[in-house]
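Peer 1: Numbering (the numbering used here), first residue to last: 29 to 166.
Dumping the structure here so I can ask a few things about it.
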């Protein structure tokens, strides 16, 4: 079990400052305040940021646990939020890019490991479409 506490405070009409575990994050909706300067990502951008961070940390755990050397690990996410009939839905495609020397079996095992152990992805799975694949880079 993991218990977290976040405090968010509205600073201006569409600017929110949130504090979690001693770190402060600023979110805003720049398109709702076009005259103002953007001070942070939107809440949906923050959600995708959390998803990418979770994938990166979980992929690193896999590579380290298997003692597979790597120097690059990059997560790219393309996410689309759509307003469905009953609620909002996320369709996200996650690409895990690494220079680790992985064969096809290791890539499949890593994909399963990340899908099973990335908490953020697991929480978001129900009612959403999140796909992930590994891309080997040099």
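Here a beta-carbon is modelled for each residue, glycine too, at the ideal position from N, C-alpha and C.
In this text, all values refer to a predicted model and were calculated from it rather than measured experimentally.
#1: Can you tell me which of 125, 59, 145 and 33 puts its alpha carbon nearest to the alpha carbon of residue 165?
#2: Restricting to runs no shorter than 3 residues, where is the beta strand (DSSP E) found entirely within the segment 29-68?
#3: Is the Cβ-Cβ distance between residue 123 and residue 84 less than 9 Å?
#4: Within 8 Å, do at least three Cβ pairs link the segment 108-119 to the segment 40-55?
#5: Reducing DSSP to helix, strand and coil, say where residue 129 ends up.
#6: State the DSSP-derived secondary structure class of residue 109, mapped to helix, strand or coil.
#7: Taking the beta carbon of residue 51 as the centre, do at least 16 other beta carbons fall within 10 Å, making it buried, or is it exposed?
#8: Where residue 20 and residue 91 are concerned, what is the direct C-alpha to C-alpha distance, given to the nearest angstrom?
#9: Which of the three DSSP states, helix, strand or coil, is assigned to residue 154?
Peer 2: Let me spell this out:
#1: By 1-based counting over the chain shown, the position of residue 165 is 137. Of the candidates 125, 59, 145 and 33, the one whose C-alpha sits nearest the C-alpha of residue 165 is 125.
#2: Considered as a whole, the segment 29-68 harbours 34-40, 43-48 and 51-56 as its complete beta strand (DSSP E) runs of no fewer than 3 residues, in chain order.
#3: Counting from one through the chain shown, the residue named residue 123 turns up at place 95. Counting from one through the chain shown, the residue named residue 84 turns up at place 56. No, they are not a contact pair.
#4: no
#5: Along the chain shown, one-based indexing puts residue 129 at 101. When DSSP states are grouped into helix, strand and coil, residue 129 belongs to the coil group.
#6: As a first step, residue 109 is located in the chain shown; it is residue number 81 there, counting from the start. Three-state DSSP puts residue 109 in a strand.
#7: Reading the chain shown from its first residue, position 23 is the one you call residue 51. Classification for residue 51: exposed.
#8: Past the boundaries of the shown model lies residue 20; the chain is included only from 29 to 166, so the question cannot be answered.
#9: Taking the chain shown and counting its residues from 1, one reaches residue 154 at position 126. In the structure shown, residue 154 sits in coil (DSSP, three-state: anything other than H, G, I, E or B).
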